[in-house]
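**Student:**
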Amino acid sequence: MKGLVHETEGWIRSIRSQKEVLFLHVNDGSSLESLQVVADSSFDSRELAFGSSVEVQGQLVKSPSKKQNVELKAEKIEVVGSCDAKAFPFKYKERHPLEYLRQYPHLRCRTNVLGSVLRVRSEATAAIHSFFKDSGFVHIHTPVITSNDCEGAGELFQVEPSSKIKVPEENFFNIPVFLTVSGQLHLEVMSGAFTQVFTFGPTFRAENSQSRRHLAEFYMVEAEISFLESLQDLMQVMESLFKTTAMTVLSNCPKDVELCHKFLAPGQKDRLEHMLKNNFLIISYTEAVEILKQASQNFTFTPEWGADLHTEHEKYLVKHCGDIPVFVINYPLVLKPFYMRDNEDGPQHTVAAVDLLVPGVGELFGGSLREERYHLLEQRLARLGLTEAYQWYLDLRRFGSVPHGGFGMGFERYLQCILGIDNIKDVIPFPRFTHSCLL
Ligand code: 4AD
Ligand code: MG
Numbered sequence: 043m044k045g046l047v048h049e050t051e052g053w054i055r056s057i058r059s060q061k062e063v064l065f066l067h068v069n070d071g072s073s074l075e076s077l078q079v080v081a082d083s084s085f086d087s088r089e090l091a092f093g094s095s096v097e098v099q100g101q102l103v104k105s106p107s108k109k110q111n112v113e114l115k116a117e118k119i120e121v122v123g124s125c126d127a128k129a130f131p132f133k134y135k136e137r138h139p140l141e142y143l144r145q146y147p148h149l150r151c152r153t154n155v156l157g158s159v160l161r162v163r164s165e166a167t168a169a170i171h172s173f174f175k176d177s178g179f180v181h182i183h184t185p186v187i188t189s190n191d192c193e194g195a196g197e198l199f200q201v202e203p204s205s206k207i208k209v210p211e212e213n214f215f216n217i218p219v220f221l222t223v224s225g226q227l228h229l230e231v232m233s234g235a236f237t238q239v240f241t242f243g244p245t246f247r248a249e250n251s252q253s254r255r256h257l258a259e260f261y262m263v264e265a266e267i268s269f270l271e272s273l274q275d276l277m278q279v280m281e282s283l284f285k286t287t288a289m290t291v292l293s294n295c296p297k298d299v300e301l302c303h304k305f306l307a308p309g310q311k312d313r314l315e316h317m318l319k320n321n322f323l324i325i326s327y328t329e330a331v332e333i334l335k336q337a338s339q340n341f342t343f344t345p346e347w348g349a350d351l352h353t354e355h356e357k358y359l360v361k362h363c364g365d366i367p368v369f370v371i372n373y374p375l376v377l378k379p380f381y382m383r384d385n386e387d388g389p390q391h392t393v394a395a396v397d398l399l400v401p402g403v404g405e406l407f408g409g410s411l412r413e414e415r416y417h418l419l420e421q422r423l424a425r426l427g428l429t430e431a432y433q434w435y436l437d438l439r440r441f442g443s444v445p446h447g448g449f450g451m452g453f454e455r456y457l458q459c460i461l462g463i464d465n466i467k468d469v470i471p472f473p474r475f476t477h478s479c480l481l
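If you're matching positions, the sequence shown starts at 43 in my numbering and goes up one per residue.
1. In the DSSP assignment, find the beta strand (DSSP E) that holds residue 53 and state where it starts and stops.
2. What does the Cβ neighbour count give for residue 314, buried or exposed, with the cut at 16 atoms within 10 Å?
3. Please enumerate, following chain order, all residues with a beta carbon closer than 7 Å to at least one heavy atom belonging to ligand 2.
4. Here's the rule I'm using: 16 or more other beta-carbon atoms within 10 Å means buried, otherwise exposed. How should residue 53 be labelled?
5. Quick one: is residue 207 buried, meaning 16 or more other Cβ sit within 10 Å of its Cβ, or exposed?
6. Unbroken alpha helix (DSSP H) runs of length 4 or more, entirely within the region 265-302: which are they?
7. Take residue 223 and list the residues in its own chain whose beta-carbon comes closer than 7 Å to its own, dropping the five residues that flank it on each side.
8. Using the beta-carbon count (16 or more within 10 Å), is residue 446 buried or exposed?
9. Is the beta carbon of residue 472 sitting closer than 8 Å to the one on residue 260?
10. From what residue to what residue does the beta strand (DSSP E) around residue 116 run?
11. Is it the case that the CB of residue 466 approaches a heavy atom of ligand 1 more closely than 7 Å?
12. Would a C-beta distance cut-off of 8 Å place residue 482 and residue 249 closer than the cut-off?
13. On the premise that residue 306 lies in contact with residue 411, defined as a C-beta separation below 8 Å, what is that separation, rounded to the nearest angstrom?
14. Measuring CB to CB, does residue 155 end up less than 8 Å from residue 301?
15. Can you determine whether any heavy atom of ligand 1 sits closer than 7 Å to the C-beta of residue 451, and answer yes or no?
16. When you compare only the Cα positions, how much space is there between residue 355 and residue 129?
17. Count the CB pairs spanning the region 331-343 and the region 358-368 that are closer than 8 Å, and state whether there are at least three.
18. List the endpoints of the continuous alpha helix (DSSP H) containing residue 170.
19. Could you tell me if the beta carbon of residue 355 falls within a distance shorter than 7 Å of some heavy atom in ligand 1?
20. Got a sec: does ligand 4 put a non-hydrogen atom nearer than 7 Å to the Cβ of residue 226?
21. If distances are taken between C-alpha atoms only, which option among 455, 439, 421, 417 comes closest to residue 404?
22. With a threshold of 16 other CB atoms inside 10 Å of the CB of residue 424, please say whether the residue is buried or exposed.
23. How about residue 174: is its Cβ closer than 7 Å to a heavy atom in ligand 1?
24. By the three-class DSSP mapping on this structure, what secondary structure does residue 333 have?
25. Would residue 422 and residue 449 be called neighbours here (beta carbons separated by less than 8 Å)?
26. In the DSSP assignment, the alpha helix (DSSP H) including residue 349 goes from what residue to what residue?
27. Pick out whichever of 97, 72, 73 has its Cα sitting closest to the Cα of residue 79.
28. Does the distance between the C-beta of residue 277 and the nearest non-hydrogen atom of ligand 1 fall short of 7 Å?
29. Mind checking whether residue 465 and residue 140 have CB atoms under 8 Å apart?
30. Should residue 413 and residue 444 be called a contact, given that it needs their Cβ atoms to be closer than 8 Å?
31. Does the count of Cβ pairs from the region 364-371 and the region 316-330 closer than 8 Å reach three?
32. Whose C-beta lies closer than 6 Å to the C-beta of residue 347 among residues of the same chain, with five residues either side of it excluded?
33. Out of 290, 236, 252, 475, which one is the CA nearest neighbour of residue 170?
34. Look up residue 338 in the DSSP assignment and say whether it is helix, strand or coil.
35. To the nearest angstrom, how far is the alpha carbon of residue 50 from that of residue 251?
36. Residue 396 and residue 459 - do their beta-carbons sit closer together than 8 Å?
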C-alpha cells in the first residue's frame, strides 16, 4: 500500500544498518521525537553519518515497530551538510555528562538533553507571559542601560562606548551608566499608571561567583502591583505564578520534562508534584533564625538575628519545612535595599520583605511592599545620601502615591527547581559567569 508523500529536514541522531536496510533517526529540534527513516542499501551510507544534516523525501507509512506509529520509506536522501563523526565531539549512543557538554555551547543544543531543557525554557517563557496576560498585567520593556543601582549592592557592570568611538563629551551619556541589575524602579514608574505590570528580560550582576546558582547574565521575571495592601496578596501572586507556569509546562511538553527528570534528576517528578499539590509555607525571618539556631552545629556560618541567610541556611529551612517552598517574611531593615516598606515595629525594626526559598535551589524570588510614604522614604534616602539621585522616585510618592509591591523571580533558578537541574549553567543557552563568556 502507498503511503503519504512526505519530506523531512533535520540532523541524523542515530544510524544503524541491518542486512540490506539502513535505519536513521532524523530530528529537526521541534520536539524530542525523531522521525525514523528506512532506506535500502542502495543509498550511499558513507555520508549518512551521525550529526550530518539531511533532506529526505519518501512515503510516510505505518511502522511495523511498536516504538513509533509511522516511519518514512526514503526515496531520495540528500546530505545537506556532512559531519566528520570522528571530529564531532558527541558520539552516537554515548550519554555525555552535562559538564562535558558545557564545553561546546555552539553544539550542545543538538543533544537530546539540552534540546529538552531549551524547549522547556521556551514553553515556560510563553507560559509566564500568558499567566500575566490572563491576570490583567501590562508587559513593559524596561531598559537594559540604566543609571541606577536598584539593589544598592554595587554588583554593576559599567557601560562605556568602545575606545574607537569618538564622543565630543567626556562621557557618552554624561553620567556613569550600567547594565540593569533589576527593572523594579522602572516598573514602579509604570505601576503608577497601569496598576499591574511585569517585565521579563536579561539582568546583569557582576557577582564574583562560580556557584551553581549565580550567573553574570540571567533572566528575571518581575512584577509590580499598585493598590496592594499586604504581603499575603503578593505571596498569592508569587505562588500562583510558580504553580500555573509549572502546570502549563507539564501539560505542553511532558516528554521533554520527563527526559530531564529521568536522566538528570531521578525522583524529581514526585518532588515537583509534592511542591505543586501543597500550599507554600510562610515563616518570619525571626522564626527562621530560631529554627536555624537549633541546628547551628550543621552550618559553616553561625545563624544570628540581623545577619543574611546563607545558601546552607536556606536549604536547611526548606528541608525543615518538608521540601515545600517556604516564604520568609519581614527581614531586618539593615539587610534590605532602601525601597522596602518599614514595618515600624520597634527595636527589631523590620521591613515588609519576602523571599521564597525552594527545594534544591534556595532563594528563587525576592520581593517586598515598597515604601510609598513620602516622608519615610525621604528620610531613608537622606540617610544614604541618595536624595538627589532619586528625586524622580520621590516624585512618585508626591503625585498620586499608592501602596504597592512587587517581586523578581530568577528564571534560570525556576527552571532548575522544576527540572531538578543542579547547575544553573545548564538551563541557559549561553552561560556567562566569572572568567567565562564563550561565543
Ligand atoms: O532578590 P533580588 O536581588 O531582587 C531584586 O532584584 C528585586 N529588585 C526584584 C523585584 O522586587 N522586582 O533578585 C531576584 C531574584 C533572586 O531571588 C534570584 O532568584 C535571582 O533573581 N537572581 C539571580 N539568578 C541568577 N544569577 C544571579 N546572579 C542572580 N541574582 C539574583
Ligand atoms: Mg534577594
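Where a beta carbon is used, it is the ideal one built from N, C-alpha and C, also for glycine.
**Tutor:** Quick answer:
1. 46-60
2. buried
3. 397, 405, 408
4. buried
5. exposed
6. 273-294
7. 191, 192, 193, 197, 198, 245, 246, 247
8. buried
9. no
10. 112-123
11. yes
12. Outside the shown range of the chain, which is 43 to 481, sits residue 482, and nothing can be said about it.
13. Wrong, their Cβ atoms sit about 37 Å apart, outside the cutoff.
14. yes
15. yes
16. 46 Å
17. yes
18. 154-176
19. no
20. No copy of ligand 4 appears in this structure; the ligands present are ligand 1 and ligand 2.
21. 455
22. exposed
23. no
24. helix
25. no
26. Premise fails: residue 349 is in no alpha helix (DSSP H) and is neither H nor E.
27. 97
28. no
29. yes
30. no
31. yes
32. 331
33. 290
34. helix
35. 44 Å
36. no
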